[in-house]
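Asks: Below are the structure tokens for one structure; questions will follow.
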Amino acid sequence: MDKEAEDRSTGWREKVELKRHGGGEISSITLPKSVTGCALITFEHSEVAQRVIQYGKHILSVDDKKFELTVSLFCKEVDPDEVFLCIAVTVDYSRLPLGKVAISSLKQCFPDVHFSFMAREELCDIKGRYSEVQALISHLLNLIDPQASAEGTPVREKAVQKTEPVAPFQEQ
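Counting from 1, position 29 in the sequence shown corresponds to residue 1412 in the working numbering; the numbering is continuous, with no gaps.
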């Protein structure tokens, strides 16, 4: 940890441990290098973290500098549907076995997914929650190559044929 980060960490520790701000003993402070202006503070007791969050905005003073802190709980498990609120894909159903029927038959299995067919181009826009659209895409990929889906091999990888190197042609 560099000197500036160490100073900030010490200042944060002193400030956050103050009881008047709802704080308490800290077990660790992590300053991720990839995210500037962010710290992961782990308290000895979880109820302290709850109190610090309820306190609201915090002002941290370190070496006559003031930092406004926004505090939130750190969640290890994140539901992809909470991160990717909506996902949309366009499918060329003319390239699927059974064409439009393949997609239409999935509408019943995925009632919360929106399907918008463009008959002239033989395309369908599919829009919905990440997990549902991802599951629908898995079904479509299974239609394209059921064996690859069962093996867990991506369809694109299966489609690439390997060729043996050919010896250069030599004149006699």
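A virtual CB, placed ideally from N, CA and C, is assigned to each residue, including glycine.
If you're wondering where the values come from, they're calculated on a predicted model, not measured in any experiment.
Check this for me: beta carbons of residue 1442 and residue 1426, under 9 Å apart or not?
Replies: Not in contact: residue 1442 and residue 1426 (Cβ atoms no closer than 9 Å).
Asks: Unbroken alpha helix (DSSP H) runs of length 4 or more, entirely within the segment 1429–1459: which are they?
Replies: Those alpha helix (DSSP H) runs which fall completely within the segment 1429–1459 and span 4+ residues are 1429–1438.
Asks: Look at the alpha carbon of residue 1424 and the alpha carbon of residue 1413, and state the distance between them as a whole number of angstroms.
Replies: Approximately 6 Å, taken between the alpha carbons.
Asks: Between which two residues does the alpha helix (DSSP H) harbouring residue 1518 extend?
Replies: Taken as a continuous stretch (DSSP letters only), the alpha helix (DSSP H) holding residue 1518 covers 1513–1527.
Asks: How many angstroms separate the CA atom of residue 1452 from the CA atom of residue 1420?
Replies: C-alpha separation (whole angstroms): 9 Å.
Asks: Measuring alpha carbon to alpha carbon, tell me which residue in 1507, 1471, 1446, 1464 is nearest residue 1477.
Replies: Nearest of 1507, 1471, 1446, 1464 to residue 1477, Cα basis: 1507.
Asks: Would you check whether the ligand NAP has a heavy atom nearer than 8 Å to the C-beta of residue 1469?
Replies: Among the components modelled here there is no ligand, and therefore nothing to report on the ligand NAP.
Asks: Using only the alpha-carbon positions, how far apart do residue 1470 and residue 1503 sit?
Replies: Their Cα atoms are separated by approximately 23 Å.
Asks: How long is the line joining the alpha carbons of residue 1472 and residue 1510, rounded to whole angstroms?
Replies: Going by the C-alpha atoms only, they are around 7 Å apart.
Asks: For residue 1486, is the classification buried or exposed, using 16 other Cβ atoms within 10 angstroms of its Cβ as the cut-off for buried?
Replies: It counts as buried.
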